[in-house]
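Chemist: With the first letter of the sequence shown counted as 1, position 285 gets the number 288 in the working numbering; the numbers rise by one all the way through.
The beta carbon of each residue, even a glycine, is placed where N, CA and C say it ideally should be.
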Amino acid sequence: MLLDEFQVRQEKLTKLQALGLDPYAVTVQRTHVIGDALVQFEEFAAESKVVILAGRVLTIRVHGGMMFADVADESGKIQFTFKQDDIGEDIFARFRDLIDPSDIVEATGVLFVTKRGEKSLSVQSWRVLSKALRPLPEKWHGLQDVEARYRHREVDLIINPETRKRLVARSRMVSALRRYLDERGFMEVETPILQAIPGGANARPFITHHNSLDVDLYLRIAPELFLKRLVVGGFEKIYEIGRSFRNEGIDYAHNPEFTMMELYWAFCPSKDVFVTFLEEIMRHMIQGAVGALRVPYEDHEIDFSAEWPRVTFRQSIIDACGIDIDLHRDELSLKQAVKEKKVKVDFKNAVGIGEHYDELYKKTARAAFRQPTWVLDYPVDLKPLAGSCEYDATKSASVQLVVEGAEIINAYYHELTNPLDQRRRFEAQEALREKGSHEAQHLDEDFLSALEQGMPPTSGVGIGIDRLIAFLTNAPNLKEVIAFPTLRPKKNSEEQE
4 MLLDEFQVRQ EKLTKLQALG LDPYAVTVQR THVIGDALVQ FEEFAAESKV
54 VILAGRVLTI RVHGGMMFAD VADESGKIQF TFKQDDIGED IFARFRDLID
104 PSDIVEATGV LFVTKRGEKS LSVQSWRVLS KALRPLPEKW HGLQDVEARY
154 RHREVDLIIN PETRKRLVAR SRMVSALRRY LDERGFMEVE TPILQAIPGG
204 ANARPFITHH NSLDVDLYLR IAPELFLKRL VVGGFEKIYE IGRSFRNEGI
254 DYAHNPEFTM MELYWAFCPS KDVFVTFLEE IMRHMIQGAV GALRVPYEDH
304 EIDFSAEWPR VTFRQSIIDA CGIDIDLHRD ELSLKQAVKE KKVKVDFKNA
354 VGIGEHYDEL YKKTARAAFR QPTWVLDYPV DLKPLAGSCE YDATKSASVQ
404 LVVEGAEIIN AYYHELTNPL DQRRRFEAQE ALREKGSHEA QHLDEDFLSA
454 LEQGMPPTSG VGIGIDRLIA FLTNAPNLKE VIAFPTLRPK KNSEEQE
């Protein structure tokens, strides 16, 4: 009976131990990462400088008394060359017979260029650092199933450089964002993830239970209300980067847990100053992530360097389908207009006129905004935490950046600071919840109490980190830019791989 790969590798592990070799080393003697060794290759090779490199074995090729192994660490890849005549038959045979692709090894030697021009390490000695019991899948055949790549991200990262590039770009973007804000006097803060009342967005929350207190708690859907309480407390320029959670659908543009940056700026001078500030933030993040402001996306290019046009929510719908929402203040009237214009919109899950406006906008107008576009002044029914526009109390002082038909930035250039108005809006949201809306907001007395202390004029913004980096790296699905996305459970029988 043939042994499977796992058993074969276990036997090799046992043989390594029998030879007195620890297959799971504790100490590392590496002198250089591979990338640095390649940068200084000519200098080190000319001096015959002895270096110690370490990494994961990708391939092994044996040609008589010569053996070649491609080895990679995070910084780069290099070829290890073994000459049996130089290192002795026993040391040569141990590597040949007991080391497999995916094992992690360390080797001492000098750098040189092979006759074929390959930069290599001529191995003088080696040792195993970690024996892999599972083989790597074949590059082009073994991990083509998309779901498998997400479930086994560690393997995906080993064999798929594109995945690694996306996660690196994500990290660089967040670092660039932090630097930009810190340099401009913003302070990073932290607010609770477990909350007694979920607030800050219209979304369905996750519910958990605290055993000691015997109370239900919610995973936050947004940090907004706690951040505003800090503004009331006197912090004028604050931000938070962290996870939020929404108990909603999973698709190419949504994951139940996601990363967002939320920022508040008290005493911001004007709408134009704030929107210009947001454009500067975005361009800084994009430059930090991909090194350019003109970004390839699918079959075209997204130009973040050009001027970003501005259009009101109302006008965008008029342009898209000819319906003026200001002429339709109730659901029946709006549905009649939709029917007359022969617009296909499904309102079955919409509760209240605000959600009806939102469905109409998403189905007709938003998809048309492929290049960066600011959409301003959403109906107050959709933005219960935003201040009202000075020119129209039915419109909120809000602005969203839409790219490729998706919301990237959600901002209020004037947050709602009137506690009496805020209470009325919360009560209206409570009425929607009683009608069956799962996304309407809860009335939060602690937040209202904070507003009653007096909140200065404030501008605020939320930026979805996952969605933005997906655009910048041309990822077709948010799961491509989240290291470990939420997945549907597999059956127990399918888990045995």
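Closest to N250 by CA distance: which of I485, L471 and H441 is it?
Modeler: H441
Chemist: Using the beta-carbon count (16 or more within 10 Å), is S452 buried or exposed?
Modeler: Under this definition S452 is an exposed residue.
Chemist: Which partner residues of Y242 appear in the DSSP bridge assignment?
Modeler: E191 and L266
Chemist: Could you tell me the distance, in whole angstroms, from the CA atom of L3 to the CA atom of Q318?
Modeler: Any property of residue 3 remains undetermined from this structure, which presents the chain solely from 4 to 500.
Chemist: Just curious, the beta strand (DSSP E) that P492 is in, first and last residue?
Modeler: Unbroken run through P492: none, as it is neither H nor E.
Chemist: Entirely within the stretch 95-181 and at least 3 residues each: give me those beta strand (DSSP E) ranges in chain order.
Modeler: 107-116 and 122-133
Chemist: Any chance you could list the beta strand (DSSP E) runs of at least 3 consecutive residues sitting entirely within the stretch 389-435, in chain order?
Modeler: 401-406 and 409-415
Chemist: Reducing DSSP to helix, strand and coil, say where D302 ends up.
Modeler: coil
Chemist: Since G357 is in the alpha helix (DSSP H), which residue starts that stretch and which ends it?
Modeler: G355 to T367
Chemist: Could you tell me if Y416 is buried or exposed, where buried requires 16 or more neighbouring beta carbons within 10 angstroms of its beta carbon?
Modeler: Classification for Y416: buried.
Chemist: Looking only at DSSP bridge pairs, what is I284 linked to?
Modeler: According to DSSP, which records beta bridges pairwise, I284 is partnered with nothing at all.
Chemist: Would you call the stretch 435-449 and the stretch 401-416 in contact, with 3 or more CB pairs under 8 angstroms?
Modeler: no
Chemist: Here's the rule: buried if 16 or more other CB atoms are within 10 angstroms of the residue's CB, otherwise exposed. What is Q309?
Modeler: As written in the sequence, residue 309 is Ala, which differs from the Gln given in the question. Of the residues assessed, A309 falls on the exposed side of the cut-off, its CB having fewer than 16 other CB atoms within 10 angstroms.
Chemist: Just to confirm my understanding: we take H212, look at its own chain, exclude 5 residues before and 5 after, and list those with CB closer than 6 angstroms. What are they?
Modeler: D219
Chemist: List in chain order: all unbroken alpha helix (DSSP H) runs of 4+ residues lying wholly within the stretch 465-489.
Modeler: 468-475
Chemist: Go through its chain and collect everything with a Cβ distance to N495's Cβ below 6 angstroms, but skip five positions before and after it.
Modeler: Annotation note: pLDDT 45 at N495 (below 50); position unreliable, coordinate value reported separately. For N495, where only same-chain residues beyond five positions count, there are no Cβ hits under 6 angstroms.
Chemist: I need the straight-line Cα distance from A179 to G91, nearest angstrom please.
Modeler: Going from the Cα of A179 to the Cα of G91 covers about 51 angstroms.
Chemist: Is F372 closer than 8 angstroms to K362 when the C-beta atoms are compared?
Modeler: In the sequence as displayed, the identity of residue 362 is Glu instead of Lys. Cβ atoms of E362 and F372: not closer than 8 angstroms.
Chemist: What residues in its chain sit with their C-beta under 6 angstroms from that of G291, if we drop five residues either side in the sequence?
Modeler: R175, M176 and A179
Chemist: Give me whichever residues DSSP pairs with F83 in a beta bridge.
Modeler: A72 and L124
Chemist: Going by alpha carbons, who is nearest to E239 out of L230, S247 and G245?
Modeler: L230
Chemist: Specify the secondary structure class of S247 as computed by DSSP and reduced to three states.
Modeler: For S247, the three-state secondary structure derived from DSSP is strand.
Chemist: Less than 8 angstroms between the beta carbons of W268 and T62, yes or no?
Modeler: Not closer than 8 angstroms, so no.
Chemist: Where does G38 sit, in a helix, a strand or coil, going by DSSP?
Modeler: helix
Chemist: Once the 5 residues before and after Y360 are set aside, which same chain residues still bring their CB inside 6 angstroms of it?
Modeler: I328 and P382
Chemist: Whole angstroms is fine: what's the gap from P299's alpha carbon to L481's?
Modeler: 17 angstroms
Chemist: Take the Cβ of S273 as the centre, count every other Cβ of all protein chains shown within 10 Å, and call the residue buried at 16 or more, exposed below.
Modeler: exposed
Chemist: Taking only the alpha-carbon atoms, compute the straight-line gap between L132 and L475 and give it to the nearest angstrom.
Modeler: 37 angstroms
Chemist: Pair every Cβ in the stretch 98-112 with every Cβ in the stretch 51-59, then say whether three or more of these pairs are closer than 8 angstroms.
Modeler: yes
Chemist: Using 10 angstroms around the beta-carbon of E407, count the other beta-carbons present and answer buried if the total reaches 16, otherwise exposed.
Modeler: Buried is the call here.
Chemist: Below 8 angstroms on the Cβ atoms is my guess for A368 versus I305; work out the distance and round it to an integer in Å.
Modeler: Contact flag wrong, Cβ pair sits at about 19 angstroms.
Chemist: So what does DSSP say about T30, is it helix, strand or coil?
Modeler: coil
Chemist: Leaving out five residues on either side along the sequence, give the residues of the same chain with a beta carbon under 6 angstroms from the beta carbon of G79.
Modeler: Only I37, G38 and L41 meet the Cβ criterion.
Chemist: For Q444, which three-state DSSP category applies?
Modeler: Q444: coil per DSSP, three-state reduction.
Chemist: With which residues is P382 paired in a DSSP beta bridge?
Modeler: K398
Chemist: Just mark P195 as buried or exposed, buried being the case when its beta carbon has 16 or more other beta carbons within 10 Å.
Modeler: exposed
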